[in-house]
Amino acid sequence: MARWVRVVSISLQGQGSKERNMEAAMQLLEQAAWERPDLVCLPETFTGLGMSTENWLATAEPLDGETVKRLSDYARRHQTWVVCPMVLREGDRLVNAAALINRQGKVVGYYAKMFPTIGELEGGIQPGTDAPAFETDFGRVGMAICFDLNFREVAERLKVNGAELVCFVSMYPGGMQVQLWALDFGFWMVTAIASPHSVIVNPLGRILAHAQPSYMPIVSQRLNLDAVVLHLDYNHPKLLRLKERYGADAELEIRQPEARCLLTCHCPNASVWDWVREFELEPIDAYFARARRERSLRLPTDTHR
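Just so you know, we're using my numbering here: the sequence shown kicks off at 6 and counts up by one.
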């Protein structure tokens, strides 16, 4: 069955102080609420935007600090999930983090940036060790932060942990790297960038929505996460039979140059995984795993050859 989610991303440029950044963020958050979002995402360490490194580090708060309290209140009032990026203080430890707040205003967990920049590390930021995915009422959500985008280890951990939708919060837009993560790992990508260059990307790497720098720093898009990426090999004849049976309930987006497609289920009484079983479709990850197995069976046993 369709798993619809309205995702909203906010771009926020620095106002020079923690207090002004927070007030600017709250103003944009209230505008974002007009979209009736299921998930709202803010940029990397948004309360420290436009500040020196020393002052940026001084914005650090614990999870029960004022920033999380205000965003928790917002999440509760508007019944939405919120990604709250911040410099997080845990005792003597500082991490560049993104906390996930649920519709009831509770923090369900946080991600600590696995690959801080060299400057961050020299300033005292500690690296995280994993990229968790959190269960929500619409799917599994993970986060990545800025410099992380250069390291496939982060995406690989998100994939292993079952992330379907990844919120990328950052100072820099990431450009084609965002689309490559989506294409290579099958993620829905929602970016929240300090500059007004935020985008929402589907698992084929196609940009669905982007910020309008001169007019609108808020990006909104409705997504159906009941979808699977398939390679066209072996699946194509089966997809024709599926379309014949389910018609418009089965949405196919085909990327012929990459020989893959995104199958989305809009059916009220079936899921895309029901279709995978019914038509014996092979998801792209399973297909590549099978190709690796078939290759390994044919490798020479004599390693000196």
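In this text, a Cβ means the ideal position worked out from N, Cα and C, and glycines have one as well.
State the start and end residues of the unbroken beta strand (DSSP E) segment that holds residue i.
i, result
"GLY114", "112-117"
"ALA3", "The requested residue 3 is not part of the displayed model; the chain covers only 6 to 310."
"SER345", "Any answer about residue 345 is impossible in this case: the structure gives the chain only from 6 up to 310."
"TRP86", "86-95"
"THR269", "265-270"
"SER139", "Residue identity check: residue 139 is Phe in the sequence provided, not Ser. Residues 138-140."
"ALA291", "Run containing ALA291: none in the beta strand (DSSP E); it sits in the alpha helix (DSSP H), 289-302."
"PHE156", "Looking at the DSSP string, PHE156 is not in any beta strand (DSSP E), and its letter there is neither H nor E."
"LEU228", "223-229"
"LEU235", "232-236"
"LEU170", "170-175"
Applying the 10 Å Cβ sphere with the 16-neighbour rule, what's the burial state of residue i?
i, result
"ASP307", "exposed"
"VAL165", "exposed"
"LYS74", "exposed"
"ALA102", "buried"
"LEU304", "exposed"
"HIS236", "buried"
"LYS23", "buried"
"ARG250", "exposed"
"ILE106", "buried"
"ARG162", "buried"
"GLN226", "buried"
"GLY147", "buried"
"GLY191", "buried"
"ASP78", "exposed"
"GLU125", "buried"
"TYR239", "exposed"
"ARG295", "exposed"
"SER57", "exposed"
"ASN26", "buried"
"TRP278", "exposed"
"ARG265", "buried"
"GLN280", "As written in the sequence, residue 280 is Trp, which differs from the Gln given in the question. Buried, by the Cβ-count rule."
"ALA291", "exposed"
"ALA149", "buried"
"ALA253", "exposed"
"ARG115", "A small fix is needed here, since residue 115 is Tyr in this sequence, not Arg. Label assigned to TYR115: buried."
"LEU302", "exposed"
To which residues of the same chain is residue i closer than 6 angstroms at the C-beta, ignoring the five residues directly before and after it?
i, result
"CYS151", "GLU49, SER175 and MET176"
"VAL195", "VAL12, SER14, CYS46, CYS172 and ILE205"
"GLU169", "GLY144, ARG145 and LEU230"
"GLN84", "ARG108"
"LEU213", "ILE205, ASN207 and GLN226"
"PRO178", "ILE198 and HIS202"
"ALA65", "VAL92, ARG94 and LEU99"
Output needed for residue i: all residues of its chain with C-beta closer than 8 angstroms, excluding positions within five of it in sequence on either side, in chain order.
i, result
"LYS248", "ALA255 and LEU257"
"THR134", "ALA117 and MET119"
"SER276", "MET6, ASP231 and CYS270"
"GLY167", "ALA138 and ARG145"
"GLN182", "LEU154 and ASN155"
"ARG81", "ARG108, GLN109 and GLY110"
Taking 8 angstroms as the cut-off, decide whether the C-beta atoms of residue i and residue j are in contact.
i, j, result
"ARG4", "PHE173", "Residue 4 is absent from the structure shown; the chain starts at 6 and stops at 310."
"LEU54", "GLY19", "yes"
"ASP289", "LEU33", "It is worth fixing the name first, because residue 289 is Ile in this sequence and not Asp. No."
"LEU62", "GLY128", "yes"
"LEU154", "LEU188", "no"
"VAL234", "LEU267", "yes"
"ALA37", "LEU68", "no"
"TRP186", "ALA160", "yes"
Short of 7 angstroms in beta carbon distance, which residues of its chain neighbour residue i, apart from the five on each side in sequence? Order them along the chain.
i, result
"THR122", "PHE152"
"ARG41", "ARG11"
"PHE284", "LYS243, ARG246 and LEU247"
"GLN131", "ARG98, LEU99 and VAL100"
"PHE293", "none"
"PHE51", "LEU17, ASN26, ALA30 and PRO90"
"LEU76", "VAL87, CYS89 and ILE106"
"ALA311", "The structure shown does not extend to residue 311, since the chain spans only 6 to 310, so no value can be given for it."
"THR141", "TRP86"
"VAL113", "LEU105, ASN107 and PHE139"
Name the two residues that bound the continuous alpha helix (DSSP H) containing residue i.
i, result
"THR372", "Residue 372 falls outside the range modelled here, since the chain spans only 6 to 310, and no answer is possible."
"GLY128", "123-128"
"ARG8", "Neither: ARG8 is in no alpha helix (DSSP H) and is coded neither H nor E."
"GLU256", "Where GLU256 is concerned, there is no enclosing alpha helix (DSSP H), although the beta strand (DSSP E) it sits in stretches over 255-260."
"ALA103", "No alpha helix (DSSP H) holds ALA103; the beta strand (DSSP E) holding it covers 98-106."
"GLU40", "First-last for GLU40: undefined, no H or E at that position."
"PHE190", "181-190"
"ALA80", "71-83"
"GLU283", "277-283"
Could you name each continuous beta strand (DSSP E) segment of 3 residues or more that falls completely within the region 8-32, going from the start of the chain to the end?
9-15
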